[in-house]
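Start counting the sequence shown at 337; every next residue gets the next number (our numbering).
Think of the CB as a built atom: it goes at the ideal place given N, C-alpha and C, for glycine as much as any other residue.
Comments concern the structure below.
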Amino acid sequence: MKQQPAPIPPSKMLKIIEAQTEISKIGLDLGMVMSLTTEKAMELLDADGAVIELAEQGDMVYRAASGLLAPFLGLRLAQNSSLSGLCVAQEKILYSDDVMQDDRVDKTACKRVGINSMLVVPLKYHDSCVGVLKVASKTTQFFGHSETYILSLISDMVAAIIFHAIEFSKDELYYKATHDSLTGIGNRAKHYDDLRQRIELAKKNNSKFSLVLFDMDGLKSINDTYGHSAGDEAIKTFANLLSQTYKSQGLVARLGGDEFAAIFPSVVSKEQVQNMVSVLFRQLAQSWNWQGQTLQLQSSAGYSIFPDDGQTVSTLMEVADQNMYRQKKEKHKSVG
Numbered sequence: 337m338k339q340q341p342a343p344i345p346p347s348k349m350l351k352i353i354e355a356q357t358e359i360s361k362i363g364l365d366l367g368m369v370m371s372l373t374t375e376k377a378m379e380l381l382d383a384d385g386a387v388i389e390l391a392e393q394g395d396m397v398y399r400a401a402s403g404l405l406a407p408f409l410g411l412r413l414a415q416n417s418s419l420s421g422l423c424v425a426q427e428k429i430l431y432s433d434d435v436m437q438d439d440r441v442d443k444t445a446c447k448r449v450g451i452n453s454m455l456v457v458p459l460k461y462h463d464s465c466v467g468v469l470k471v472a473s474k475t476t477q478f479f480g481h482s483e484t485y486i487l488s489l490i491s492d493m494v495a496a497i498i499f500h501a502i503e504f505s506k507d508e509l510y511y512k513a514t515h516d517s518l519t520g521i522g523n524r525a526k527h528y529d530d531l532r533q534r535i536e537l538a539k540k541n542n543s544k545f546s547l548v549l550f551d552m553d554g555l556k557s558i559n560d561t562y563g564h565s566a567g568d569e570a571i572k573t574f575a576n577l578l579s580q581t582y583k584s585q586g587l588v589a590r591l592g593g594d595e596f597a598a599i600f601p602s603v604v605s606k607e608q609v610q611n612m613v614s615v616l617f618r619q620l621a622q623s624w625n626w627q628g629q630t631l632q633l634q635s636s637a638g639y640s641i642f643p644d645d646g647q648t649v650s651t652l653m654e655v656a657d658q659n660m661y662r663q664k665k666e667k668h669k670s671v672g
C-alpha cells in the first residue's frame with residue numbers, strides 16, 4: 337500500500353459530494369444506482385475498473401461493472417474462494433496490493449480480468465451486509481488510505497439505499513437488482529448473468545440456443561414529437577409485447593434505452609429464429625394509442641446461435657448486434 341496519504345484536496349471532496357448527490361437523486365432504482373456507483377468509484381479513485389458484487393446463494397455475482405470489469409457483468413465466483421466473499425463474511429474492508437501473491441484471492445479470475453491490485457469495501461447497513469463495492473487496478477500497490485476513505489464514503493450511502501429499497505428482504509434485493517424499474521422485465525445485469533449460465537449449460541449438454549437483440553425504431557421521433565412520457569409508454573408497451581410473445585419460450589430483458597434481448601433455449605436454427613422474430617413483428621404491426629394519438633411501434637432485430645456463431649458472451653452479443661444493425665441499415669435503404 338501507499339505510505340501516509342496526503343489530505344484529500346477540496347476539489348476532490350467536491351467531486352465526492354457531487355457523486356453522492358447524483359447517485360442519491362436516482363432514488364430506489366437499484367440497477368441504475370449500482371451502475372452509476374461503479375462509474376463514479378472508478379472515476380474518483382482513478383481505478384481501471386469497479387464492480388458491485390452481491391452475495392447470492394453461495395456466489396458473488398457481478399451485478400454492476402465499469403471499465404476493465406464491464407465485460408464481466410453477470411460473472412459468478414464462489415463466495416468462499418474470493419476476496420469479495422471474505423469481505424462479506426468478515427464485514428470489513430480488505431485490500432490486495434498484489435493479487436498474484438495473495439492466497440485469499442481467486443487468482444484465475446484476476447488473471448482473466450487483468451487486475452493486479454484491488455480494494456474491497458462491504459456494502460453494510462446496520463447488521464445487513466449484502467455485497468461489496470470493489471475497485472481494481474492493473475498496477476500493483478495502487479490503493480492507499482485515501483482511496484479507502486473515499487470508497488467508504490460512497491459505499492456507506494449505497495448500502496443505505498439498498499437497505500431501504502429492499503425492506504430487509506434478500507429476495508426483493510435480487511429482484512430489484514436484476515429487473516428494469518420501468519418495464520419490470522430483466523435488466524442488463526440479469527441478461528448477462530442468464531447468458532453466461534446458458535453458455536455453461538449448453539457446453540455441458542452439448543446443446544444449442546439462440547440470442548436475439550432488438551432495437552426499437554422511431555423512439556427518438558416519439559420522444560421529440562409527443563414527449564418523454566410517450567417515449568416511456570412506448571418502451572413499456574414494447575417490453576410488454578416482448579414478454580407476452582415469448583413468455584414460455586425465452587428469457588427477455590431490457591439492456592437500456594431502446595435496446596432489448598431475448599435468449600431462446602429451444603430455438604436452434606436460422607429458420608426458427610426468423611419465425612420467432614416474425615411473431616413479434618406481427619404483434620408490433622398493431623398500432624397503440626397515446627392520449628388520443630395513434631402511434632406505431634417498429635423494431636430491428638439481429639440474432640446469433642450458440643455454438644455456430646460463437647461460444648463466448650462477447651462474440652454472441654457482437655454477432656447479434658452486427659446482424660441487427662445490418663437489418664436496420666437495409667430498412668433505411670429501402671425507405672430512401
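Please state the DSSP three-state secondary structure of residue i.
i	result
ASN416	helix
VAL494	helix
PHE574	helix
TYR582	coil
GLU595	strand
PHE408	helix
SER360	helix
Grab me the residues of residue i's own chain with a C-beta within less than 8 Å of its C-beta, minus the 5 sequence neighbours each way, in chain order.
i	result
ALA406	GLY385
GLU354	none
Which residues in the same chain have their Cβ closer than 6 Å to the Cβ of residue i, if we skip the five residues on either side of it in sequence?
i	result
MET368	ILE362
PHE550	PHE596, SER635, ALA637
CYS446	VAL435
SER473	ALA383, ASP384, SER453
MET396	GLU389, LEU413, GLN415, SER418, SER420, GLY421
ALA495	LEU459, LYS460, TYR461
Given a threshold of 16 other Cβ atoms within 10 Å of its Cβ, counted over all protein chains shown, does residue i qualify as buried or as exposed?
i	result
LYS428	exposed
ASP644	exposed
THR630	exposed
LYS540	exposed
LEU537	exposed
MET378	buried
ALA400	buried
ARG534	buried
GLY628	exposed
Should residue i and residue j be called a contact, given that it needs their Cβ atoms to be closer than 8 Å?
i	j	result
GLY586	ILE571	no
ILE497	LEU364	yes
PRO601	PHE545	yes
THR357	ILE490	no
VAL588	GLY520	no
GLU389	LYS470	yes
SER640	LEU547	yes
Pull the bridge partners of residue i from the DSSP assignment, please.
i	result
HIS500	Its beta-bridge partners do not exist; DSSP assigns none.
ASN625	THR630
CYS465	LYS460
TYR510	None, per the DSSP bridge assignment.
ILE641	SER546
VAL286	For the chain, the structure presents residues 337 to 672; residue 286 sits outside this window and is missing.
Who are the near neighbours of residue i in its chain, counting only those whose CB is closer than 7 Å to its CB and skipping five residues on each side?
i	result
THR581	VAL615, LEU616, GLN619
GLY567	LEU555, ILE558, ASN559
GLY592	ARG524
PHE478	SER453
VAL655	SER640, ASP645, GLY646
THR475	ASN452, SER453
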